[in-house]
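Protein chains: 2
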Amino acid sequence: MRGKLFSIKNSPLSEQAYKTLLDAIFNGSFFPGEPLRELHLAQELEISQTSVREALTKLEHVGLVVRVPNKGTFVTELSKKEIEERITLRGTLEEIAGVEALKRITPAALADLNLKLGNIIRAVSINSYFEVAQADLEFHRLIWKISGNKTLYEMLDQLTVPLFAFISILRRFEKESLDGAIESHREIIEAFGSGVDGRVREVIRQHSSPIYINFLNSETENLQALARKTLLRK
Amino acid sequence: MRGKLFSIKNSPLSEQAYKTLLDAIFNGSFFPGEPLRELHLAQELEISQTSVREALTKLEHVGLVVRVPNKGTFVTELSKKEIEERITLRGTLEEIAGVEALKRITPAALADLNLKLGNIIRAVSINSYFEVAQADLEFHRLIWKISGNKTLYEMLDQLTVPLFAFISILRRFEKESLDGAIESHREIIEAFGSGVDGRVREVIRQHSSPIYINFLNSETENLQALARKTLLRK
DNA sequence: AATTTATAGATTATCGTTAATCGTTAATCA
DNA sequence: TGATTAACGATTAACGATAATCTATAAATT
Numbered sequence: 001m002r003g004k005l006f007s008i009k010n011s012p013l014s015e016q017a018y019k020t021l022l023d024a025i026f027n028g029s030f031f032p033g034e035p036l037r038e039l040h041l042a043q044e045l046e047i048s049q050t051s052v053r054e055a056l057t058k059l060e061h062v063g064l065v066v067r068v069p070n071k072g073t074f075v076t077e078l079s080k081k082e083i084e085e086r087i088t089l090r091g092t093l094e095e096i097a098g099v100e101a102l103k104r105i106t107p108a109a110l111a112d113l114n115l116k117l118g119n120i121i122r123a124v125s126i127n128s129y130f131e132v133a134q135a136d137l138e139f140h141r142l143i144w145k146i147s148g149n150k151t152l153y154e155m156l157d158q159l160t161v162p163l164f165a166f167i168s169i170l171r172r173f174e175k176e177s178l179d180g181a182i183e184s185h186r187e188i189i190e191a192f193g194s195g196v197d198g199r200v201r202e203v204i205r206q207h208s209s210p211i212y213i214n215f216l217n218s219e220t221e222n223l224q225a226l227a228r229k230t231l232l233r234k
Numbered sequence: 235m236r237g238k239l240f241s242i243k244n245s246p247l248s249e250q251a252y253k254t255l256l257d258a259i260f261n262g263s264f265f266p267g268e269p270l271r272e273l274h275l276a277q278e279l280e281i282s283q284t285s286v287r288e289a290l291t292k293l294e295h296v297g298l299v300v301r302v303p304n305k306g307t308f309v310t311e312l313s314k315k316e317i318e319e320r321i322t323l324r325g326t327l328e329e330i331a332g333v334e335a336l337k338r339i340t341p342a343a344l345a346d347l348n349l350k351l352g353n354i355i356r357a358v359s360i361n362s363y364f365e366v367a368q369a370d371l372e373f374h375r376l377i378w379k380i381s382g383n384k385t386l387y388e389m390l391d392q393l394t395v396p397l398f399a400f401i402s403i404l405r406r407f408e409k410e411s412l413d414g415a416i417e418s419h420r421e422i423i424e425a426f427g428s429g430v431d432g433r434v435r436e437v438i439r440q441h442s443s444p445i446y447i448n449f450l451n452s453e454t455e456n457l458q459a460l461a462r463k464t465l466l467r468k
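Chains as they are written, first to last, in this note's numbering: chain V, 1 to 234; chain E, 235 to 468.
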């Protein structure tokens with residue numbers, strides 16, 4: 001049996017809607033706190049309310065929106081406290097995943113990681129905040145997958161996806177250079193290459209926090225407020 | 235404004251259906267691996283397919299069922315490996331939650347924990363596997379809540395709920411005595427009362443694993459298989 | 001004037017029906 | 001006969017329309 005020649009498979013409409021909305025949130029088309037109206041989106045996407053609804057519940061599942069019964073669904077607005085919680089917890093789980101991945105790492109897996117790094121480099125070169133965030137996420141997902149721990153993968157995914165959406169928006173607002181993303185991921189690959197447990201732990205632990213430091217040190221309580229301030233500055 | 239005298243609020247049908255199905259899974263009315271047909275359940279519960287669907291996605295969200303596009307939704311069937319993963323991860327997160335909870339514990343919170351223990355004792359006294367599992371879960375949820383870490387709460391909830399459903403079924407099959415549940419939770423309260431960080435860590439770490447040991451040491455690969463074996467034994 | 005009650009508009013929740021999909025079995029044909 | 005295609009039954013996916021709910025504003029009541 002050969003693989004599919006080209007993907008004819010149409011995924012469910014709700015799935016397509018889900019991906020569309022996810023992208024929109026990542027690239028900042030919708031803003032944290034902004035309401036997503038079912039009927040309106042249905043009209044926009046030319047599908048039924050039902051399918052939009054299902055897409056929204058999927059987004060809720062990965063933590064990108066919050067659904068309030070009889071009120072509506074809103075793009076998740078992480079508070080400073082929640083971001084701190086997620087960063088800390090992510091650090092703990094990433095370290096565990098890293099250690100487990102190290103036990104199972106193969107030359108082929110290392111090569112795959114380098115491919116993912118290539119994607120990050122490519123995204124940085126075109127200066128696309130959105131694509132960097134996506135490539136970054138895919139890089140880490142690969143590590144989680146290599147760890148062979150399905151539960152860990154799911155937890156990390158849920159914990160991290162909203163953080164990445166957040167980073168993506170934050171970086172753009174701050175007009176932050178994307179170059180750093182390349183080196184910090186190269187370090188991770190080198191740590192895996194070294195085969196030293198302690199090195200992997202250290203590098204991964206240090207990996208995520210820097211990006212948020214400016215925000216966490218600021219007075220700003222959430223992204224919504226940051227956006228307001230930034231827009232006023234102009 | 236006073237609180238509602240008695241709950242007149244009708245929650246959404248999907249929510250009611252969700253709770254009904256959750257209970258059914260916990261008390262073993264549906265078996266791991268068993269398919270849940272939307273139209274059939276709709277008829278059974280006298281609501282529309284749409285509402286059942288939404289309830290099923292909620293169940294998927296807490297990990298109690300698996301939905302396969304165009305195929306159906308099935309009660310989650312945890313493999314031995316997944317159970318091990320969840321137990322390990324739960325241990326790690328429970329320890330973190332315990333330590334954070336200890337920092338914030340108050341006499342009132344301790345009293346609340348004792349109330350929850352009371353519920354466990356009551357459930358044990360009537361020998362209800364289902365209610366013990368529920369009370370047990372509520373006990374731990376309170377600790378997570380005391381920790382003040384919303385992210386941690388959500389992760390633990392998602393990780394643990396399917397485990398509790400699993401325990402409940404497992405205990406009944408093995409006709410295991412429920413008495414142990416009382417003492418092991420009393421220990422946790424005592425640890426919090428002592429105020430000693432190390433004691434809390436130790437007690438919580440040790441807390442969850444014993445229940446599963448028989449199963450994990452057995453040759454049985456999943457609950458479905460265990461059920462088959464147990465039924466044959468009769 | 002302050003508080004309660006009506007009302008209207010917008011939005012989600014639910015329904016019943018129809019369409020698409022999957023797996024299985026029957027039919028066809030080389 | 002063996003393999004491919006067609007048809008069927010069961011089930012999920014999607015739709016359009018209606019009902020229930022919430023919010024904000026206006027009217028009424030004290």
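Every residue gets a Cβ at the ideal spot worked out from N, C-alpha and C, and that includes glycine.
If you check each beta-carbon in the segment 56 to 67 of chain V against every beta-carbon of chain E, the ones closer than 9 Å belong to T57, K58, E60, H61 and G63. Closest in C-alpha terms to T92 (chain V), from the list V:L159, V:A181 and V:F166, comes V:L159.
S194 (chain V) is classed as exposed because its beta carbon has fewer than 16 other beta carbons within 10 Å across all chains shown.
For T307 (chain E), the three-state secondary structure derived from DSSP is strand. The beta strand (DSSP E) runs of length 3 or more contained entirely in the segment 114 to 189 of chain V do not exist; there are none.
Linking F164 (chain V) to R205 (chain V) through their CA atoms gives a straight-line distance of about 17 Å. Identification of chain E residues near E85 (chain V) by a Cβ-Cβ cut-off of 8 Å yields N383, K384, T385 and L386, ordered along the chain. By the 16-neighbour rule on beta-carbons within 10 angstroms, K71 (chain V) is exposed. Annotation for S14 (chain V): S51, E54 and A55 place their beta carbon closer than 6 Å to its own, counting only its chain and skipping 5 residues before and after.
Distance from the CA atom of K253 (chain E) to the CA atom of I83 (chain V), rounded to whole angstroms, is 31 Å. Between T310 (chain E) and R301 (chain E), the CB-CB gap reaches or exceeds 7 Å.
Contact with chain V is absent for L273 (chain E), since none of that chain's Cβ atoms lies less than 7 Å from the residue's Cβ. In the same chain as E272 (chain E), and ignoring 5 residues on each side of it, the C-beta atoms closer than 6 Å to its own belong to Q283, V286 and R287, in chain order.
A Cβ-Cβ separation of about 16 Å leaves A191 (chain V) out of contact with I120 (chain V) under the 8 Å criterion. Between the C-alpha atoms of L279 (chain E) and D257 (chain E) there is a straight-line separation of about 14 Å. Contacts between P12 (chain V) and chain E, judged by CB atoms closer than 7 Å, involve P303 in chain order.
Among the residues facing chain E, L78 (chain V) is not included, as its CB has no counterpart in that chain under 7 Å away. Relative to E421 (chain E), the option among E:E388, E:F373, E:K292 and E:L404 whose CA is nearest is E:F373. Residues of chain V whose Cβ lies closer than 8 Å to the Cβ of T284 (chain E) are, in chain order, T50.
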